[in-house]
Ligand SMILES: Cc1ncc(COP(=O)(O)O)c(C=O)c1O
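Residue numbers (this note's numbering): 453 to 811.
Structure representation (structure tokens):
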């Protein structure tokens with residue numbers, strides 16, 4: 453393909469649109485963690501800035517991060533690889549393991565799911581087979597397996613963005629078993645697993661074809677630091693660290709910040725529990741509101757169907773300076789929004805606004 457043709461093809465693809473930053477807004481649109489105290493992060497950043505010497509390449513800092521990630525996950529560091537956000541790890545895996553060979557050019561995902569992943573597959577020329585979740589956003593694992601078996605790459609978002617739910621653990625393990633025939637790579641995106649009841653990370657360490665993706669952008673409140681990691685079989689993790697990943701993928705400052713936040717994981721664990729409590733409270737309060745359907749979530753956000761009240765609620769939220777992810781119609785669901793669980797005060801402002809408009 454000529455360069456001109458390739459640029460024309462790429463220009464036509466859907467691409468991620470960065471959210472607009474609105475000064476002073478209550479930001480409930482990107483699943484960041486504002487319940488983690490800003491002063492806590494600031495203190496860690498200040499200490500890290502004093503400690504590092506940015507004139508040097510990061511050498512020991514990556515090792516320190518691996519040790520803390522191993523402590524947090526309970527998984528030996530030989531199974532772990534790190535990157536500049538899980539986005540960058542996805543990108544690397546796509547370009548090296550999935551899109552590289554002509555024979556490996558199909559991906560299977562269920563939909564709706566994290567659209568960034570689909571866009572990146574399309575950018576790299578992979579055909580993406582989309583298996584729809586049912587009307588309750590549940591997955592028919594037989595249908596999914598059938599499509600996945602024709603693919604070289606399978607993506608499971610667990611818990612799923614934007615719907616919030618996570619497959620029952622036994623279905624997740626069953627899927628990995630069914631797809632464990634050496635023919636395909638299975639990516640399990642666990643960006644939100646810190647808020648859920650289980651992780652498939654241990655399963656990944658026992659298999660050659662499964663990579664679990666995690667991030668410090670969500671529960672750990674470090675979206676701006678850009679630190680993600682993956683957990684895989686020993687050989688896969690080793691090849692990733694030695695050859696696939698670039699030598700210095702994360703800045704010394706970000707590595708040091710991430711390591712120090714992980715050292716204080718009890719503070720983060722507390723915040724995660726608060727967010728889960730708030731998730732339950734918002735779920736119950738919205739559930740009592742006529743005409744609104746809210747879906748069970750295992751993540752730090754909720755998927756809400758507002759039907760005919762969509763425009764009125766969207767306008768009211770905008771007027772109050774509350775930003776949520778407006779999704780419009782999703783499959784057969786009308787007027788959908790994804791709402792990040794914030795601090796209690798942020799959540800109260802959101803609930804008051806919705807209740808005032810919808811009732
Ligand atoms: C499912 C999922 N995976 C990955 C990411 C990206 O995470 P990171 O900030 O580590 O690149 C996001 C961010 O929204 C996400 O929702």
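Heads up, the beta-carbon is just placed ideally off N, CA and C, and yes, glycines get one too.
Note that the structure is predicted; figures quoted are calculated from it, not measured.
Check: Cβ-heavy atom distance, residue 609 to ligand 1, below 7 Å; Outcome: yes
Check: Residues sharing a beta bridge with residue 455, DSSP; Outcome: DSSP, once it has assigned bridges, lists no residue as partnering residue 455.
Check: Beta-bridge pairing of residue 785 - partner residues as DSSP gives them; Outcome: 782
Check: Distance cut-off 7 Å: residue 811 Cβ against heavy atoms of ligand 1; Outcome: no
Check: Shell residues, 6 Å Cβ cut-off relative to heavy atoms of ligand 1; Outcome: 483, 537, 538, 539, 566, 609, 613, 641, 643, 667, 669, 675 and 680
Check: Residue 453 burial status per 10 Å Cβ neighbour count (16 or more: buried); Outcome: exposed
Check: At least 3 beta-carbon pairs within less than 8 Å: the segment 573-589 vs the segment 712-727; Outcome: no
Check: Same chain, Cβ closer than 7 Å to residue 566, neighbours up to 5 away in sequence not counted; Outcome: 609, 613 and 641
Check: Cβ neighbour criterion (16 or more within 10 Å) applied to residue 638; Outcome: buried
Check: Exposure of residue 588, with buried meaning 16 or more beta-carbon neighbours within 10 Å; Outcome: exposed
Check: Residue(s) in a DSSP beta bridge with residue 468; Outcome: According to DSSP, residue 468 bridges with nothing at all.
Check: Among 708, 472, 803 and 778, the one whose alpha carbon lies nearest that of residue 734; Outcome: 803
Check: Length-filtered (3 minimum) beta strand (DSSP E) runs lying within the segment 681-767; Outcome: 753-757
Check: Residue 793 in three-state terms, based on DSSP; Outcome: coil
Check: First and last residue of the uninterrupted alpha helix (DSSP H) at residue 557; Outcome: That residue, residue 557, is in no alpha helix (DSSP H); it is neither H nor E in DSSP.
Check: Euclidean distance between Cα positions of residue 559 and residue 633; Outcome: 16 Å
Check: Endpoints, the beta strand (DSSP E) within which residue 583 is located; Outcome: 579-584
Check: DSSP bridge partner residues for residue 609 (one or two, in chain order); Outcome: 641
Check: Range of the contiguous beta strand (DSSP E) that encloses residue 532; Outcome: 532-535
Check: Nearest-angstrom Cα separation, counted from residue 461 out to residue 671; Outcome: 37 Å
Check: Outcome for residue 761 when other beta-carbon atoms lying within 10 angstroms are tallied against a minimum of 16; Outcome: buried
Check: Opening and closing residue of the alpha helix (DSSP H) in which residue 525 lies; Outcome: 512-525
Check: Length of the line joining the Cα atoms of residue 755 and residue 748; Outcome: 8 Å
Check: Among 805, 759 and 667, the one whose alpha carbon lies nearest that of residue 787; Outcome: 759
Check: Residue 808 versus residue 743: straight-line alpha-carbon distance, rounded; Outcome: 13 Å
Check: Alpha carbon of residue 715 to alpha carbon of residue 513, nearest angstrom; Outcome: 13 Å
Check: Closest by C-alpha distance to residue 471, when choosing among 464, 481 and 463; Outcome: 481
Check: Per-residue burial, residue 469 [other beta carbons within 10 Å of its own, 16 or more giving buried]; Outcome: exposed
Check: Own chain partners of residue 477 with C-beta closer than 6 Å, once the 5 adjacent residues on each side are dropped; Outcome: 773 and 775
Check: Meets three-Cβ-pair contact criterion under 8 Å: the segment 667-683 and the segment 535-545; Outcome: yes
Check: Among 529, 703 and 769, the one whose alpha carbon lies nearest that of residue 510; Outcome: 703
Check: For residue 548, the three-state DSSP class (helix, strand or coil); Outcome: helix
Check: Nearest residue (CA-CA) to residue 629, options 597, 645, 604 and 618; Outcome: 597
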